[in-house]
Amino acid sequence: QDFSTSVESFWGSNSWCNQQEGRAVAEIVESLCQNGVKTSSIGVMAAFRAQVLYIRRLLRSRNLNAVNVGMVEDFQAVEREVIVLSLTRSNETFVPSDINRNSGLFQQPKRVN
């Protein structure tokens, strides 16, 4: 079942956010930290700006400010010991539409090299 929702961003364009997946990412990051991984060693990548903002807000509310959260291209030339990848969309029925619209990581080789 897909829980992603389209949101209007402050740039005036649509983006995708999956709050259930965002909460799961925050729990994974918390677990990593509780098991000795430094927050500065963790990166969270997401394919959609709305997902980045949601996860960043969740982590900040849990005092995990040093975790780098960004879109895939924000991590070019950046290394982290641990990367948590949030793909946001989980329903295969959306794939043809996402491919046609070049949404997320589809049809964008520079974002997945």
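Start counting the sequence shown at 1; every next residue gets the next number (my numbering). Yeah, the Cβ is synthetic: ideal placement off N, Cα and C, and Gly gets one too. Since the model is a prediction, treat every value here as computed from it, not as a measurement.
Does the Cβ of residue i have 16 or more other Cβ atoms within 10 Å, making it buried, or fewer, making it exposed?
i: valine 78; result: exposed
i: leucine 58; result: buried
i: asparagine 18; result: buried
i: glutamine 51; result: buried
i: serine 40; result: exposed
i: glutamate 21; result: buried
i: alanine 26; result: buried
i: alanine 46; result: buried
Is it the case that the Cβ atoms of residue i and residue j are separated by a distance below 9 Å?
i: valine 37; j: isoleucine 55; result: no
i: arginine 62; j: glutamate 30; result: yes
i: valine 69; j: isoleucine 28; result: no
i: arginine 60; j: serine 15; result: no
Does DSSP put residue i in a helix, in a strand, or in coil?
i: glycine 43; result: strand
i: asparagine 113; result: Only weak support exists for where asparagine 113 lies, its pLDDT of 46 falling under 50; the coordinates are left without a value.
*Quick one: which unbroken beta strand (DSSP E) runs of 3-plus residues sit fully inside the stretch 34–88? Chain order, please.*
42–46, 68–71, 82–86
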